[in-house]
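Per the working numbering, the very first residue in the sequence shown carries number 118; after that it's consecutive. C-beta atoms are modelled at their ideal positions from N, C-alpha and C, and glycine is treated no differently. Nothing here was measured: the structure is a model prediction, and the numbers come from that model. So the structure is just underneath, and the comments pick up after that.
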Amino acid sequence: MAKENPEYLFLQEKPTLALLAIWFYGRTYASVITKEINSTFAHTTKILSRMEEDGLVEFNVEGRIKYVELTEKGFNVVSLLKELIVSLGGELPDEYDLEGRHEVSEPELDPASNEIMEKIKKLRLKVETIYRELVSSDADEATTKRRLGPFSRELAMIGEMIDSAEVPVDDEVIDAFNATREVFLSLLNKNG
């Protein structure tokens with residue numbers, strides 16, 4: 118990819134979808150993005166490298182696993198991209214529409230698992246909404262921790278509900294809980 122102005126990157130379909138996919142997953146792998154945008158791994162890696170150069174994503178290595186996640190600048194660009202797509206008369210894919218992604222039809226869950234899943238969805242929506250407000254108001258790190266910190270109690274309570282459930286909780290609920298915990302910790306520990 119030739120060195121171009123950053124805006125040219127997002128006038129292309131694959132980079133836009135890649136950024137939206139990273140936002141959707143919160144913290145993910147290049148292989149997941151490759152699958153989401155229907156691309157080759159090499160092309161996805163090239164896109165992600167360019168995004169890293171532009172300060173939109175960052176990579177973190179834990180053991181042998183390399184994660185990719187949005188920076189604060191990346192969150193801001195996603196918000197603007199979504200507004201641009203909608204204002205141009207386009208529609209966001211259902212999974213990238215903030216409200217729509219929380220309404221995606223799921224497999225039938227038992228009542229206890231369903232109750233826990235609803236709590237997880239509400240918590241993630243609250244955390245992400247508050248984080249976006251903090252980013253848009255240029256809040257400092259202390260303010261971010263003060264506003265998001267109390268949600269750790271709610272997260273712990275949901276974890277306790279999963280651990281103490283009389284019937285084993287569905288795997289989808291555990292996956293959603295783990296993903297929400299990762300997003301929460303990632304946002305809580307972002308530098309202001």
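C-alpha gap between residue i and residue j, whole angstroms
i, j, result
"residue 278", "residue 233", "7 Å"
"residue 286", "residue 306", "29 Å"
"residue 160", "residue 137", "16 Å"
"residue 169", "residue 186", "10 Å"
"residue 181", "residue 146", "12 Å"
"residue 240", "residue 154", "27 Å"
"residue 139", "residue 133", "10 Å"
"residue 262", "residue 293", "23 Å"
"residue 343", "residue 271", "Summary: the structure shown does not reach residue 343, with the chain confined to residues 118 through 309, and so no result is reported for it."
"residue 144", "residue 300", "7 Å"
"residue 203", "residue 167", "25 Å"
"residue 99", "residue 131", "Lying before the first or after the last residue shown, residue 99 is absent from the chain, which here runs from 118 to 309."
"residue 273", "residue 237", "11 Å"
Where the beta strand (DSSP E) through residue i begins and ends
i, result
"residue 175", "174–179"
"residue 248", "Residue 248 -> not in any beta strand (DSSP E); alpha helix (DSSP H) instead, spanning 228–253."
"residue 184", "182–187"
Nearest residue (CA-CA) to residue i, options the options
i, options, result
"residue 269", "253, 138, 243 and 131", "243"
"residue 249", "129, 304 and 288", "304"
"residue 173", "179, 164 and 181", "164"
"residue 197", "288, 128 and 158", "128"
"residue 191", "252, 178 and 257", "252"
"residue 289", "267, 260 and 235", "235"
"residue 230", "275, 189 and 260", "275"
Burial state of residue i (16 or more Cβ within 10 Å)
i, result
"residue 142", "buried"
"residue 151", "buried"
"residue 228", "exposed"
"residue 281", "exposed"
"residue 284", "exposed"
"residue 135", "buried"
"residue 158", "exposed"
"residue 176", "exposed"
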